[in-house]
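Asker: Here it is, the structure in full.
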Amino acid sequence: GHEPHLDNQHEMLLANCLAQSEALMKGRTLEEARAQLAAKNLAKSEVNRIAPHRVFKGNRPSITIVYDKLDPFSLD
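Be aware that the sequence shown starts at 1, since it is given in my numbering, and climbs by one per residue.
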């Protein structure tokens, strides 16, 4: 990247971006949401309260374009 001291931050942002694309593709069921929350050792009442808000449909088309370097020339 342009700022070598931010390479780790860039890698984390890229990983998050790709994870969001995957989430839009796959979605998350109520059972999956409950399992993820239970793995964090939350109380069952908290899992049941929060899980419905972590559910979303999949099969949401999206496009993710990744460049080694984003500048005016790469957009041409």
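Built from N, CA and C at the ideal position, the CB exists for glycine as well. Keep in mind that this is a model prediction, so the values were computed, not measured.
So who's on the other strand from Arg28, going by DSSP bridges?
Answerer: Locating residue 28 in the sequence shown gives position 28, where the first residue counts as 1. According to DSSP, Arg28 bridges with Phe56.
Asker: Using DSSP with H/G/I as helix, E/B as strand and the rest coil, what is His2?
Answerer: For this step, residue 2 is matched to residue 2 along the sequence shown. In this structure, His2 counts as coil in the three-state DSSP scheme.
Asker: Rounded to a whole number of angstroms, what is the C-alpha to C-alpha distance between Lys26 and His2?
Answerer: Numbered from 1 along the sequence shown, position 26 holds the residue referred to as residue 26. Numbered from 1 along the sequence shown, position 2 holds the residue referred to as residue 2. Lys26 and His2: Cα-Cα distance of roughly 33 Å.
Asker: How would you write the range of the alpha helix (DSSP H) that Ile50 sits in, first residue to last?
Answerer: Residue numbering aside, residue 50 sits at position 50 when the sequence shown is read from its first letter. Looking at the DSSP string, the run of the alpha helix (DSSP H) that includes Ile50 is Lys44 to Ile50.
Asker: Compute the distance between the beta-carbons of Ala23 and Arg34, then report whether it is under 7 Å.
Answerer: Here residue 23 is taken as the residue at index 23 of the sequence shown, counted from 1. Here residue 34 is taken as the residue at index 34 of the sequence shown, counted from 1. No, the Cβ-Cβ distance between Ala23 and Arg34 is not below 7 Å.
Asker: Tell me whether Val66 is buried or exposed, calling it buried when 16 or more other Cβ atoms sit within 10 Å of its Cβ.
Answerer: What you label residue 66 is simply residue 66 of the sequence shown in a count that begins at 1. By the 10 Å Cβ count, Val66 comes out exposed.
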